[in-house]
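Worksheet: the structure to be examined is printed underneath.
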Amino acid sequence: MAEYRIDELARLADTTVRNVRVYQDRGLLSPPRREGRVGIYTEAHLARLRLIGQLLKRGYTFANIGELVSVWERGGNLTDVLGLESAVGDPWTDEIAGHITMAELRETFPGQVTPVALARALQAGLIEREGNRFRVPSPRLLHAGAELVRAGIPLTTVLDISEQLQERIDTAARDLVGTVSEHIVSTHAPDGMLKGEEIAEVAALTRRLRPLAQTAVDAMLVQSMSRYLHQALGEHFAEVLEHLRHEAENTEQGDAGADAHDPSTGTDREGLPA
Numbered sequence: 001m002a003e004y005r006i007d008e009l010a011r012l013a014d015t016t017v018r019n020v021r022v023y024q025d026r027g028l029l030s031p032p033r034r035e036g037r038v039g040i041y042t043e044a045h046l047a048r049l050r051l052i053g054q055l056l057k058r059g060y061t062f063a064n065i066g067e068l069v070s071v072w073e074r075g076g077n078l079t080d081v082l083g084l085e086s087a088v089g090d091p092w093t094d095e096i097a098g099h100i101t102m103a104e105l106r107e108t109f110p111g112q113v114t115p116v117a118l119a120r121a122l123q124a125g126l127i128e129r130e131g132n133r134f135r136v137p138s139p140r141l142l143h144a145g146a147e148l149v150r151a152g153i154p155l156t157t158v159l160d161i162s163e164q165l166q167e168r169i170d171t172a173a174r175d176l177v178g179t180v181s182e183h184i185v186s187t188h189a190p191d192g193m194l195k196g197e198e199i200a201e202v203a204a205l206t207r208r209l210r211p212l213a214q215t216a217v218d219a220m221l222v223q224s225m226s227r228y229l230h231q232a233l234g235e236h237f238a239e240v241l242e243h244l245r246h247e248a249e250n251t252e253q254g255d256a257g258a259d260a261h262d263p264s265t266g267t268d269r270e271g272l273p274a
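Last residue of the sequence shown: 274 in full-length UniProt numbering, with the numbers rising by one and none dropped.
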């Protein structure tokens with residue numbers, strides 16, 4: 001399980017260190033494990049922070065959220081509750097975030113790291129400011145973008161592709177999560193509140209479903225990419241064949257004109273003066 005210090009936890013949860021401490025003081029967030037004077041937080045804390053943030057955005061007060069947490073934790077032991085929060089909040093990838101400097105960015109994307117491109121990359125979350133360098137949440141994505149640029153695709157176009165893909169993936173993920181969540185709630189919490197053994201059951205189900213979702217998306221993407229690549233290749237060769245056909249027709253017409261009028265004799269095919 002991933003572990004965080006309070007400043008990193010706050011950043012990942014899109015909140016502040018002060019808010020994290022306030023939530024702890026109000027009993028909404030369990031205290032961290034201590035290693036000397038340093039507090040160590042887990043993915044379960046991160047999941048709880050994100051839940052608190054979502055509820056606050058919906059207009060609920062600290063009192064409302066505290067009541068919900070209290071009812072939830074009374075309905076099942078703390079281990080089960082933390083287990084469910086961990087199942088939801090654990091990373092979906094074993095990829096480790098990296099860091100890159102501005103100089104390295106410019107070397108990776110030579111001549112294309114403009115203020116506009118940098119702002120777009122930050123907005124999309126492809127990079128994050130961290131002091132005098134940038135944090136890279138997914139080095140794989142950055143590497144993929146660099147390879148596309150090396151292949152001759154402008155960085156602005158790569159950012160367009162990234163934004164379009166992110167939007168479509170977000171829509172698919174939202175729809176999938178909504179459908180699965182509705183099924184889980186109707187099956188395991190018909191009264192709207194997970195309690196007792198249901199909490200542990202839903203945590204186990206969530207852990208089982210996570211890799212299945214990734215497998216399904218990967219398989220469907222491979223199938224779709226294969227289909228559209230064959231289609232694009234077919235269209236390309238059809239255009240090439242059409243171009244060759246036109247060239248052949250033009251050549252035949254030119255040959256026919258040359259045969260009809262022979263300048264060396266000054267006559268046409270019928271032997272008449274040209």
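For every residue, glycine included, the Cβ atom is placed at its ideal position computed from N, Cα and C.
Are the beta-carbon atoms of residue i and residue j separated by less than 9 Å?
{"i": "R135", "j": "H99", "result": "yes"}
{"i": "A97", "j": "P154", "result": "no"}
{"i": "R5", "j": "Y41", "result": "yes"}
{"i": "T108", "j": "A63", "result": "no"}
{"i": "R27", "j": "G66", "result": "Note that residue 27 is Gly in the sequence shown, not Arg. In contact: G27 and G66 (Cβ atoms closer than 9 Å)."}
{"i": "V20", "j": "A13", "result": "yes"}
{"i": "E43", "j": "A2", "result": "yes"}
{"i": "L176", "j": "S162", "result": "no"}
{"i": "E95", "j": "P32", "result": "no"}
{"i": "V217", "j": "A172", "result": "yes"}
{"i": "L68", "j": "L55", "result": "yes"}
In whole angstroms, what separates the C-alpha of residue i from that of residue j?
{"i": "T16", "j": "E130", "result": "15 Å"}
{"i": "L159", "j": "A119", "result": "11 Å"}
{"i": "L46", "j": "H143", "result": "27 Å"}
{"i": "G111", "j": "H183", "result": "50 Å"}
{"i": "L233", "j": "G125", "result": "33 Å"}
{"i": "G254", "j": "V113", "result": "51 Å"}
{"i": "T157", "j": "Q123", "result": "16 Å"}
{"i": "Q231", "j": "V222", "result": "14 Å"}
{"i": "R208", "j": "E201", "result": "11 Å"}
{"i": "S186", "j": "E198", "result": "12 Å"}
{"i": "E133", "j": "E239", "result": "Looking at the sequence itself, residue 133 is Arg, so the reference to Glu does not match. The straight-line gap from Cα to Cα measures roughly 47 Å."}
{"i": "T93", "j": "N250", "result": "58 Å"}
{"i": "T101", "j": "G59", "result": "40 Å"}
{"i": "residue 275", "j": "E8", "result": "There is simply no residue 275 to check, as the chain begins at 1 and stops at 274 in what is shown."}
{"i": "R269", "j": "E252", "result": "Bear in mind that the predicted position of R269 carries a pLDDT of just 49, short of 50, making it too unreliable to give a figure here."}
{"i": "Q166", "j": "E235", "result": "27 Å"}
Any idea what DSSP makes of residue i, helix, strand or coil?
{"i": "F109", "result": "coil"}
{"i": "Y228", "result": "helix"}
{"i": "I96", "result": "coil"}
{"i": "T42", "result": "strand"}
{"i": "R269", "result": "Note that R269 scores a pLDDT of 49, beneath 50, so its modelled location is shaky and nothing firm can be said."}
{"i": "R34", "result": "strand"}
{"i": "Y4", "result": "strand"}
{"i": "T15", "result": "coil"}
{"i": "residue 279", "result": "In the structure as shown, the chain starts at 1 and stops at 274, and residue 279 therefore has no counterpart that could be examined."}
{"i": "G254", "result": "helix"}
{"i": "G234", "result": "helix"}
{"i": "G27", "result": "coil"}
{"i": "A274", "result": "With a pLDDT of 47 at A274, under the threshold of 50, the modelled position of that residue is not reliable, and the figure given next carries that caveat. The answer is coil: DSSP assigns A274 none of H, G, I, E or B."}
Which term fits residue i, buried or exposed, when burial requires 16 or more other beta carbons within 10 angstroms of its beta carbon?
{"i": "G212", "result": "As written in the sequence, residue 212 is Leu, which differs from the Gly given in the question. Classification of L212: exposed, given that the 10 Å Cβ count is below 16."}
{"i": "A274", "result": "With a pLDDT of 47 at A274, under the threshold of 50, the modelled position of that residue is not reliable, and the figure given next carries that caveat. Exposed, since its Cβ has fewer than 16 Cβ neighbours within 10 Å."}
{"i": "Y228", "result": "exposed"}
{"i": "L244", "result": "exposed"}
{"i": "V38", "result": "exposed"}
{"i": "R48", "result": "buried"}
{"i": "I127", "result": "buried"}
{"i": "S70", "result": "exposed"}
{"i": "L105", "result": "buried"}
{"i": "A219", "result": "exposed"}
{"i": "S30", "result": "buried"}
Inset, instruction - List in chain order: all unbroken alpha helix (DSSP H) runs of 4+ residues lying wholly within the segment 98-180. - result: Contiguous alpha helix (DSSP H) elements confined to the segment 98-180 occur at 102-108, 115-123, 139-150, taking only those with 4 or more residues.
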